[in-house]
Amino acid sequence: MAVNLVPYAEVDLSQIDAVVVGSGFAGSVVARELAERGGKRVLIIEKRSHVGGNMYDCYDEAGILVHAYGPHIFHTNNQRAYEYLARFTNWRTYQHEVLANLNGTYIPVPFNKNSMEIVFGPEKALQLMNKLIDTFGDERKVTITELRAQNDPDLQEVAEFVYQNVFLYYTQKQWGLTPDEVDPSVTGRVPVFISRDNRYFQDTYQGMPGEGYTQLFLNMLDHPLITVSLETEAESVMGLEFESGAEDARLCAITLKDEVFEGPIIYTGPLDELFLARFGRLPYRSLDFVYETYDEEMKFPVGTVNFTVSEDYTRITEFKHLTGQVAPNTTIMKEYSRAYENPREQIPYYAIINPENNAHYQRYRSLTENLPNFYPLGRLAEYRYYNMDAIVVLALQLADQLLSE
Ligand code: FAD
Ligand code: UDP
Numbered sequence: 001m002a003v004n005l006v007p008y009a010e011v012d013l014s015q016i017d018a019v020v021v022g023s024g025f026a027g028s029v030v031a032r033e034l035a036e037r038g039g040k041r042v043l044i045i046e047k048r049s050h051v052g053g054n055m056y057d058c059y060d061e062a063g064i065l066v067h068a069y070g071p072h073i074f075h076t077n078n079q080r081a082y083e084y085l086a087r088f089t090n091w092r093t094y095q096h097e098v099l100a101n102l103n104g105t106y107i108p109v110p111f112n113k114n115s116m117e118i119v120f121g122p123e124k125a126l127q128l129m130n131k132l133i134d135t136f137g138d139e140r141k142v143t144i145t146e147l148r149a150q151n152d153p154d155l156q157e158v159a160e161f162v163y164q165n166v167f168l169y170y171t172q173k174q175w176g177l178t179p180d181e182v183d184p185s186v187t188g189r190v191p192v193f194i195s196r197d198n199r200y201f202q203d204t205y206q207g208m209p210g211e212g213y214t215q216l217f218l219n220m221l222d223h224p225l226i227t228v229s230l231e232t233e234a235e236s237v238m239g240l241e242f243e244s245g246a247e248d249a250r251l252c253a254i255t256l257k258d259e260v261f262e263g264p265i266i267y268t269g270p271l272d273e274l275f276l277a278r279f280g281r282l283p284y285r286s287l288d289f290v291y292e293t294y295d296e297e298m299k300f301p302v303g304t305v306n307f308t309v310s311e312d313y314t315r316i317t318e319f320k321h322l323t324g325q326v327a328p329n330t331t332i333m334k335e336y337s338r339a340y341e342n343p344r345e346q347i348p349y350y351a352i353i354n355p356e357n358n359a360h361y362q363r364y365r366s367l368t369e370n371l372p373n374f375y376p377l378g379r380l381a382e383y384r385y386y387n388m389d390a391i392v393v394l395a396l397q398l399a400d401q402l403l404s405e
């Protein structure tokens, strides 16, 4: 068996019960569930030439398995999500570690007890650690915002060091903003950790798909009731019908091939794209990736090195750490964060979460609220900073809801 790829022009919509836009985790999990549990015939419309959304991976010219849209490490506390995906992949056990390169000195990130010893020396580190433990408790995570709010001079010293050397320049590169200007939930993803645990994530389940993400998606979408049309942009095949001609009139129907489509439409692309940016584009950050291959077995000691005080790129990922691939050569990837200015050439990677942008998003969202068969889902359609596991959970929940209706 293989994924059933059919050009959109050849799809007979009278034979389709549900339409899914996008084949990342949001779209693919819903599609699989509707097909398998609900017996629904599902059409996936995907604008790229491949499935898998931002999780897509492939072998480069040097034969190394690389991620095409940023490094992806699966981690979750949600057993259902982990076990669900295990139906489509074996998991390679992998615990992600990140080091910050401070002008040539490596320290673990999240900043932890081991980082403190490297930075402050064992004696002073012990004194500062005891202060942290007395204040917050041992094995606790403290956001940089929380730490900077402390009055104690020792804690302020730690906070200032971490702010200046871990967060400030990296955040300026990543967001074009200082850490004070980004939503606290963003820097809160990487708290100071009062621990010896050097892992980037502490979730119960962590791993990498044994044969890669693309193979996981090919397995998930290999179902007789799922059809995939690649290189098909939703906005070029969907007709939108509105309650009136007013700019903020709500959507009342979606047509496909000139017929109103009555079944569920699960939309996982950006909402501003669907409405042809009628209220202006939603702000995102984009990324450029630069790959380099070296004739040596490994270049770096861990999977990702963050450049928190130097360089124009934010981080370097060396894929072989993640994938466990054995080869005499290695490929690394540098990430450069960019303003998102040209949707034709760039990819909207990160929603820029703040009250103004959330309100902007809500304007688009409200256009969809009177259309009962339209379901926006995922990191783009919901304009949220979701990890993969959250998307898998939401997709399973939406499928539960649709199958119980
Ligand atoms: P996507 O994967 O973006 O899929 C959306 C799909 O819809 C795409 O295939 C796209 O081509 C298609 N599409 C969009 N618009 C249209 C349209 N108009 N018509 C047709 N098709 C369309 N999460 C983790 O858990 N761990 C990580 O290590 C991790 N690393 C990340 C690194 C980076 C650089 C980024 C940006 C994100 C990372 N994430 C990570 C988050 C992860 O990428 C998302 O949670 C996940 O991609 C969300 O899945 P999705 O299906 O919502 O969106
Ligand atoms: N961050 C930072 N320095 C680091 C790591 C993270 O300043 O060494 C900040 C930065 O603002 C970043 C955010 O924390 O955007 C979230 O980091 P994470 O690694 O979760 O980002 P992602 O992997 O989603 O790009």
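Residue numbers are given in full-length UniProt numbering: position 210 of the sequence shown equals residue 210, and the series is strictly consecutive.
Backbone N, C-alpha and C fix where the C-beta goes; we use that ideal spot for every residue, glycine too.
Check: residue i C-beta below 7 Å from any heavy atom of the ligand GTP
{"i": "L216", "result": "The ligand GTP is not part of the structure shown, which contains the ligand FAD and the ligand UDP as its ligands."}
Cβ neighbour criterion (16 or more within 10 Å) applied to residue i
{"i": "E335", "result": "buried"}
{"i": "N151", "result": "exposed"}
{"i": "C331", "result": "For the record, residue 331 in the displayed sequence is Thr; it is not Cys. Buried."}
{"i": "G63", "result": "exposed"}
{"i": "V29", "result": "buried"}
{"i": "L276", "result": "exposed"}
{"i": "L403", "result": "exposed"}
{"i": "E139", "result": "exposed"}
{"i": "E341", "result": "exposed"}
{"i": "D134", "result": "exposed"}
{"i": "Y294", "result": "exposed"}
{"i": "T204", "result": "exposed"}
{"i": "T304", "result": "buried"}
{"i": "T93", "result": "exposed"}
{"i": "S115", "result": "buried"}
{"i": "V260", "result": "exposed"}
Whole-angstrom distance between residue j and residue i, CA atom to CA atom
{"i": "M129", "j": "P301", "result": "26 Å"}
{"i": "residue 409", "j": "T323", "result": "The chain is shown only over 1 to 405; residue 409 falls outside these bounds and no answer can be derived."}
{"i": "I265", "j": "V6", "result": "18 Å"}
{"i": "L168", "j": "P283", "result": "21 Å"}
{"i": "R80", "j": "L398", "result": "14 Å"}
{"i": "V190", "j": "N329", "result": "31 Å"}
{"i": "T143", "j": "A149", "result": "10 Å"}
{"i": "Q127", "j": "R384", "result": "40 Å"}
{"i": "Q215", "j": "A2", "result": "11 Å"}
{"i": "D248", "j": "H360", "result": "12 Å"}
{"i": "residue 408", "j": "Y82", "result": "Examination of residue 408 is not possible in this model, given that the chain is present from 1 through 405 alone."}
{"i": "L380", "j": "P153", "result": "42 Å"}
{"i": "E123", "j": "N165", "result": "21 Å"}
{"i": "S366", "j": "R250", "result": "7 Å"}
Bridge-paired residues (DSSP) for residue i
{"i": "L271", "result": "Answer is none; L271 lacks a bridge partner."}
{"i": "E335", "result": "F289 and R315"}
{"i": "E241", "result": "A253"}
{"i": "L99", "result": "P108 and V305"}
{"i": "S226", "result": "Here residue 226 turns out to be Ile, not Ser, going by the sequence shown. Per DSSP, V42."}
{"i": "V260", "result": "T255"}
{"i": "Y284", "result": "A351"}
{"i": "K141", "result": "F193"}
What residue ranges within the stretch 147 to 213 form continuous beta strand (DSSP E) runs of no fewer than 3 residues, ordered along the chain?
205 to 209
Would you check if the stretch 287 to 301 and the stretch 49 to 58 touch, i.e. whether three or more CB-CB distances between them fall below 8 Å?
no
Assess contact between the stretch 193 to 212 and the stretch 222 to 232, defined as three or more Cβ pairs (one per stretch) separated by less than 8 Å. Is contact present?
no
Is it true that the stretch 257 to 275 meets the stretch 226 to 237, where meeting means three or more beta-carbon pairs spaced less than 8 Å apart?
yes
Would you say the stretch 97 to 115 touches the stretch 305 to 317, given that touching needs at least three Cβ pairs under 8 Å?
yes
Three-pair Cβ contact test at 8 Å for the stretch 171 to 181 versus the stretch 71 to 91
no
Quick one: complete beta strand (DSSP E) runs, 3+ long, within the stretch 322 to 392?
330 to 339 and 374 to 376
Ignoring anything shorter than 4 residues or poking outside the stretch 6 to 84, list the alpha helix (DSSP H) runs there in chain order.
25 to 36
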